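A.B. asks: Below is the structure I would like to discuss, written out as structure tokens.
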Amino acid sequence: MAHAAPRSGRLTPGKRDRRPGTDGPANGSTDVSTDVFSERTHLVVRWVLPVLAGLVVGYWAAANRRSGGPITGWNLLFGFTTAIAFMVLCVAVRVAASRMKRELHALTWAVFLGGTFGFVYAQTDKTVLRSAVMSAAVAAAVFAVLFYRYYTHEDAEGHRVP
């Protein structure tokens, strides 16, 4: 026999009272959060993700630049400089893009990620034209995915729709 799973009943922050015998809030509203992680977890991820992504991008760019050759001090410096630049830009884009409407929000992230890919790809022995084409393709794909996501999860002013 199949039975419906009970509803989670996790309340939004600040709503602690429950109606007796129910999973909902005491005030009768149906405002139940679907967020699985705590605010602390979101805060940690908000800062750890750019650092980890920056280290990956820095390593990737340094590895592309040395083309399988020996690791040198200049190569390490280039990798860490790239990582720090990516981290700073990532945080800046996150702060700036979150205040924009959905079209510009998606476009900002697409330009940032497409440019990042183009920079890393340019560290190989490929031509500048090929790097630009690959960068534009990545930016177009990122824009399409993020625009769809923001279009389905935000209203026209950029506020999250429940």
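Start counting the sequence shown at 486; every next residue gets the next number (the working numbering).
All C-beta atoms, glycine included, are put in the ideal place defined by N, C-alpha and C.
These numbers come from a predicted model, not from an experiment.
By the three-class DSSP mapping on this structure, what secondary structure does R584 have?
C.D. replies: The count along the sequence shown starts at 1 and reaches residue 584 at position 99. In this structure, R584 counts as coil in the three-state DSSP scheme.
A.B. asks: What number of angstroms, rounded off, separates the C-alpha of L528 from the C-alpha of L534?
C.D. replies: As a working mapping, residue 528 is identified with position 43 in the sequence shown. As a working mapping, residue 534 is identified with position 49 in the sequence shown. The straight-line gap from Cα to Cα measures roughly 10 Å.
A.B. asks: For W594, does the count of other Cβ atoms within 10 angstroms reach 16, so buried, or fall short, so exposed?
C.D. replies: The residue labelled residue 594 in the question sits at position 109 within the sequence shown. Buried.
A.B. asks: Distance check for S523 and Y606, CA to CA, integer angstroms please.
C.D. replies: In the sequence shown, the residue the question calls residue 606 occupies position 121. In the sequence shown, the residue the question calls residue 523 occupies position 38. Near 37 Å, if we compare the C-alpha coordinates of S523 and Y606.
A.B. asks: Beta-carbon within less than 7 Å of F597's beta-carbon, same chain only, minus the 5 sequence neighbours each way: which residues are those?
C.D. replies: The residue given as residue 597 occupies position 112 in the sequence shown. Counting only Cβ-Cβ distances below 7 Å, and skipping sequence neighbours, we find L574 and V578.
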